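Protein chains in written order, with the working numbering: chain S, 25 to 319; chain U, 857 to 1390. Each remark here refers to the structure printed beneath this line.
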């Protein structure tokens, strides 16, 4: 496939190039919608299509006004803040609990391993709308209980509810990535450390943790992006005070579509490029540390 | 007999090893426990609660308990409208429910089953407090003491309560005396509710409030049944006098009062609905979610214009299958190319696949909304090329087409990645071998390569299918009315129509389908083999 042999017939040559064109078109279909919003977000007008000025590459046709709106308008700025409050806390919970559980699961003798694994992965499998429905009923009661019995403020309980819900959604990703790193983990290293007098805590932090760190970090990134992108559960569990960026985009798309949404989308694309690069780098580092050749 | 091996601490080696194993197991479980409990509490229990809600129907028997009991013996075939006793019980229940402000909630619950009941509850909720007024007037005419709240507390309360009430700063919760319950059972029962509502909801004292008219009706009934009823705590002669007089009272007609308030209460169907939905658990939500109705005459197909759910389930399945098919068609060539390119180029190409995978769902959905609009980029381009006339631009959004295009784009990476990881393991030499043995390109692909890639197709298909049947956001935004899924209906019932039982039932059905597919996925691929990002 990679190179056409010199003895290829004309038919084979035609097929070879047609196939490449087809694949190219599919990749274009995958990537173009994401890229097209970037230039559109610099539109000087409030249109969702290219204006004649933009097509003529006239600088007049471009402006940063939608970005200005995004970073100054409280309607957008507040949700961004909320997202940046909720996602890190949810990530911390997911990562700490998820990493411990993944280490536990990777031990050689775990009773009911399959059942435990299935339960802990379930938040990833169950459709979000169902998770959201279940959480809607449960968390509203829990919120009332926290407000009335524990005396927390309404806004605090609102954040706690969303953070817990997002943490539950994020843990499967941490378990999967950390378990994958642990598969290649050489157990004799921990035994060697113990042999040389390290306590279990020391062994964990000095030997095991540095080796599985890439898995933990990329699991954390997955958990972060899960929370940062999540809209269904927060729509059902959160109150207006917890409106996150995706929620604002969702209402924006459904009700009054404003071009600021394109600026928000472009910022998010930039964030995802950074995250993708980090995960890819970590994956390579992890494979190198474990003595595999990065592919 | 062989000597047993001993460990350093003097135990047998076997027990020592067993102990070590047990400790290891315990340690593993301790590490897992925090997350397991967390998921159980924040995820599994909420879902379980939702499943429970899909069959739960306690609202009827909790809101109108007396009516449910009185109605149990009623037979619509014998008596088209229940008798006065049922109406009196219902008036008592309604009075309590109105004061607790929960009667409209029951009204909307029953409205799912029989349209129009909700307004009956609302209308009669306003009228119920005047029902039985004539009885009160007759009692008061007999002896003005009946008007005094203090007479009533004296009659009904436990003596301890009266002493405590006189001294305590905060009034203690009202206690009905056993003697009152025995002598005047119906009155005591409804008076207890009156006292509770007065104290807890109106934050008042029963010593200062005249009871509801319906309490007087209960007293009338009690005395009619037992004119000689006596209570030691009662003011001298009060009860005896009333007991002797009640037979001459004009009997209240609560039934007429209700029918007067809303004609619906005189209809058999209303009472049949209440009777049918009295039990604490019901299958009606599940029946509703497959377009069936539980009517007093048995299970019936819903009226033609209300049959939407079966069609919606079918549409969800058909559209998910279409999306899955589109993903296979588009994903297969890309995965093949990825698997057969030299690794440096393949990695570059993989980034093109992973970038959409990592991009926010809402970004991708908004991109499609922008692209597919009538004044959007694609239509502009088509008009500019001249393929489409300006006046008949294509409608690609707010219909099924929009949903299918956008969701294929969103789910395509989930097809490509499993396919790629399977195709990477197929040695290219097999194809060369097949060709050198005389197979044509097509035969070599179809007989040699394709069968080996089937596990990848299976894994990708199940993944895409599971994800797509539960999708909510994208259909909501680009689907309009003809491109929505069952999940959109669930969300509608949660946030707009507030028919939570039906939402839970629809969710349960969807969950069962997904879990069955998940089980299949686990059997075919193994959940441990889920790969993220290649």
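For glycine and all other residues, C-beta sits at the position ideal for the given N, C-alpha and C. Remember, it's a predicted structure, so these values are computed and weren't measured experimentally.
**Prompt:** Where residue 847 of chain U and residue 1151 of chain U are concerned, what is the direct C-alpha to C-alpha distance, given to the nearest angstrom?
**Reply:** A query on residue 847 of chain U cannot be resolved here, the shown segment of chain U reaching from 857 to 1390 and no further.
**Item:** Contact set between residue 1223 of chain U and chain S, taken where Cβ atoms lie within less than 8 Å
**Value:** As a position in the second chain, residue 1223 of chain U is number 367, starting the count at 1. Annotation: Cβ neighbours of residue 1223 of chain U in chain S (cutoff 8 Å, chain order): 57, 58, 60, 61, 289.
**Message:** Between residue 103 of chain S and chain U, is any beta-carbon pair separated by less than 8 Å?
**Reply:** If you number the first chain from 1, residue 103 of chain S lands on position 79. No, because no Cβ of chain U sits closer than 8 Å to the Cβ of residue 103 of chain S.
**Request:** In the DSSP assignment, find the beta strand (DSSP E) that holds residue 266 of chain S and state where it starts and stops.
**Result:** Here residue 266 of chain S refers to the residue found at position 242 of the first chain. Counting along the chain, residue 266 of chain S falls outside any beta strand (DSSP E), and DSSP gives it neither H nor E.
**Message:** Any beta carbon of chain U sitting closer than 8 Å to that of residue 128 of chain S?
**Reply:** The sequence position of residue 128 of chain S within the first chain is 104, counting from 1. Judged by the 8 Å Cβ criterion, residue 128 of chain S is in contact with chain U.
**Request:** Closer than 9 Å, Cβ to Cβ, to anything on chain S: give me those residues from the stretch 1316 to 1328 of chain U, in chain order.
**Result:** Under the 9 Å Cβ criterion, the stretch 1316 to 1328 of chain U contributes 1322, 1323, 1325, 1326, 1327, 1328.
**Prompt:** Since residue 1137 of chain U meets chain S, which of its residues come closer than 7 Å, beta carbon to beta carbon?
**Reply:** Walking along the second chain from the start, residue 1137 of chain U turns up at place 281. Chain S residues near residue 1137 of chain U: none, gap ~17 Å exceeds 7 Å.
**Request:** Show which residues of chain U have a CB atom less than 7 Å away from the CB atom of residue 244 of chain S.
**Result:** Taking the first residue of the first chain as position 1, residue 244 of chain S is located at position 220. Per Cβ cutoff of 7 Å: no residues; residue 244 of chain S is ~13 Å from chain U at best.
**Request:** Taking only the alpha-carbon atoms, compute the straight-line gap between residue 189 of chain S and residue 1215 of chain U and give it to the nearest angstrom.
**Result:** Along the first chain, read from residue 1 onward, the residue named residue 189 of chain S stands at position 165. Along the second chain, read from residue 1 onward, the residue named residue 1215 of chain U stands at position 359. When only Cα atoms are considered, residue 189 of chain S and residue 1215 of chain U end up about 21 Å apart.
**Length-filtered (3 minimum) beta strand (DSSP E) runs lying within the stretch 86 to 118 of chain S** = none
**Request:** Could you spell out the range, first to last residue, of the alpha helix (DSSP H) harbouring residue 1021 of chain U?
**Result:** As a first step, residue 1021 of chain U is located in the second chain; it is residue number 165 there, counting from the start. From DSSP, the alpha helix (DSSP H) with residue 1021 of chain U extends over 1015 to 1023.
**Request:** Could you say which of S/284, S/182, S/292, S/277 lies nearest to residue 88 of chain S if we only look at CA atoms?
**Result:** Here residue 88 of chain S corresponds to residue number 64 of the first chain, with the count starting at 1. With distances taken between CA atoms, residue 88 of chain S lies nearest to S/284 out of S/284, S/182, S/292, S/277.
**Inter-residue Cα distance where the pair is residue 288 of chain S and residue 1139 of chain U** = What you label residue 288 of chain S is simply residue 264 of the first chain in a count that begins at 1. What you label residue 1139 of chain U is simply residue 283 of the second chain in a count that begins at 1. Going from the Cα of residue 288 of chain S to the Cα of residue 1139 of chain U covers about 46 Å.
**Asked** Just the Cα atoms here: how many angstroms apart are residue 957 of chain U and residue 1355 of chain U?
**Response** Residue numbering aside, residue 957 of chain U sits at position 101 when the second chain is read from its first letter. Residue numbering aside, residue 1355 of chain U sits at position 499 when the second chain is read from its first letter. Roughly 19 Å separates the two Cα atoms.
**Asked** Exposed or buried, what is residue 183 of chain S when buried is set at 16 or more other beta-carbons lying within 10 Å of its beta-carbon?
**Response** Position 159 of the first chain, counted from the start, is the residue given in the question as residue 183 of chain S. So residue 183 of chain S ends up on the buried side.
**Asked** Should residue 195 of chain S be listed as close to the ligand ATP, given that the test is whether its C-beta is under 7 Å from any heavy atom?
**Response** Because no ligand of any kind appears in the structure shown, any question about the ligand ATP cannot be addressed here.
**Request:** Report the residue from S/286, S/311, S/302 whose alpha carbon sits nearest the alpha carbon of residue 62 of chain S.
**Result:** Indexing the first chain from 1 puts residue 62 of chain S at position 38. With distances taken between Cα atoms, residue 62 of chain S lies closest to S/286.
**Request:** Compare the C-beta of residue 43 of chain S with all C-beta atoms of chain U and state if any pair is closer than 8 Å.
**Result:** Mapped onto the first chain, residue 43 of chain S falls at position 19. Interface residue, yes.
**Prompt:** What number of angstroms, rounded off, separates the C-alpha of residue 1358 of chain U from the C-alpha of residue 912 of chain U?
**Reply:** The residue labelled residue 1358 of chain U in the question sits at position 502 within the second chain. The residue labelled residue 912 of chain U in the question sits at position 56 within the second chain. Going by the C-alpha atoms only, they are around 11 Å apart.
**Interface flag, residue 1232 of chain U vs chain S, CB-CB below 8 Å** = In the second chain, counting from the first residue as 1, residue 1232 of chain U sits at position 376. Yes, its Cβ sits closer than 8 Å to a Cβ of chain S.
**Request:** Work out the CA separation of residue 30 of chain S and residue 1284 of chain U for me, nearest whole Å.
**Result:** Within the second chain, the letter at position 428 stands for residue 1284 of chain U. Within the first chain, the letter at position 6 stands for residue 30 of chain S. Roughly 18 Å separates the two Cα atoms.
**Request:** To the nearest angstrom, report how far apart residue 966 of chain U and residue 1049 of chain U are at their CA atoms.
**Result:** In the second chain, residue 966 of chain U corresponds to position 110, counting from 1. In the second chain, residue 1049 of chain U corresponds to position 193, counting from 1. Going from the Cα of residue 966 of chain U to the Cα of residue 1049 of chain U covers about 24 Å.
**Message:** Considering Cα atoms alone, identify which of S/260, S/268, S/264 is closest to residue 1351 of chain U.
**Reply:** On the second chain, position 495 is the one that residue 1351 of chain U refers to. Measuring from the Cα of residue 1351 of chain U, the nearest candidate turns out to be S/260.
**Request:** Report yes or no: is there a C-beta of chain S within less than 8 Å of the C-beta of residue 1332 of chain U?
**Result:** The count along the second chain starts at 1 and reaches residue 1332 of chain U at position 476. Answer yes: the Cβ-Cβ gap between residue 1332 of chain U and chain S drops below 8 Å somewhere.
**Request:** Below 7 Å between beta carbons is the criterion; list the residues of the stretch 898 to 912 of chain U that meet it against any residue of chain S, in chain order.
**Result:** 898, 899, 900, 901, 902, 903, 905, 906, 909
**Message:** Just to make sure I have the definition right: I need the residues of chain U whose C-beta is within less than 8 Å of the C-beta of residue 40 of chain S. Which are they?
**Reply:** Mapped onto the first chain, residue 40 of chain S falls at position 16. In chain order: nothing, as chain U lies at least about 11 Å away.
**Asked** Helix, strand or coil for residue 861 of chain U per DSSP?
**Response** Translated into positions along the second chain, residue 861 of chain U becomes position 5. Three-state result, residue 861 of chain U: coil.
**Prompt:** Listing by chain order, which chain S residues have their CB less than 7 Å from the CB of residue 1193 of chain U?
**Reply:** Position 337 of the second chain, counted from the first residue, corresponds to residue 1193 of chain U. Chain S residues near residue 1193 of chain U: 47.
**Message:** Between residue 154 of chain S and chain U, is the shortest Cβ-Cβ distance under 8 Å, so that the two count as touching?
**Reply:** Taking the first residue of the first chain as 1, we reach residue 154 of chain S at position 130. For residue 154 of chain S, a Cβ of chain U is located within less than 8 Å of the residue's own Cβ.
**Prompt:** First and last residue of the alpha helix (DSSP H) that includes residue 1206 of chain U?
**Reply:** Translated into positions along the second chain, residue 1206 of chain U becomes position 350. Segment 1199 to 1214, the alpha helix (DSSP H) holding residue 1206 of chain U.
**Asked** residue 54 of chain S and residue 1233 of chain U: beta carbons closer than 8 Å?
**Response** In the first chain, the residue the question calls residue 54 of chain S occupies position 30. In the second chain, the residue the question calls residue 1233 of chain U occupies position 377. Not closer than 8 Å, so no.
**Message:** For the alpha helix (DSSP H) containing residue 1235 of chain U, name the first residue and the last one.
**Reply:** Taking the second chain and counting its residues from 1, the one referred to as residue 1235 of chain U is at position 379. 1233 to 1241 is the span of the alpha helix (DSSP H), which, as asked, contains residue 1235 of chain U.
**residue 1137 of chain U - DSSP class collapsed to helix/strand/coil** = In the second chain, the residue the question calls residue 1137 of chain U occupies position 281. Correct three-state label for residue 1137 of chain U: strand.
**Item:** Within 8 Å, strictly: CB atoms of residue 1278 of chain U and residue 1331 of chain U
**Value:** What you label residue 1278 of chain U is simply residue 422 of the second chain in a count that begins at 1. What you label residue 1331 of chain U is simply residue 475 of the second chain in a count that begins at 1. No.
**Request:** Ignore the nearest five residues each way along the sequence and tell me which others in residue 1300 of chain U's own chain have a CB closer than 7 Å to its CB.
**Result:** Position 444 of the second chain, counting from 1, holds the residue named residue 1300 of chain U. Correct list, in chain order: 1287, 1290, 1291.
**Prompt:** So, is residue 955 of chain U buried or exposed, given that buried needs 16 or more other C-beta atoms within 10 angstroms?
**Reply:** Taking the second chain and counting its residues from 1, one reaches residue 955 of chain U at position 99. Buried.
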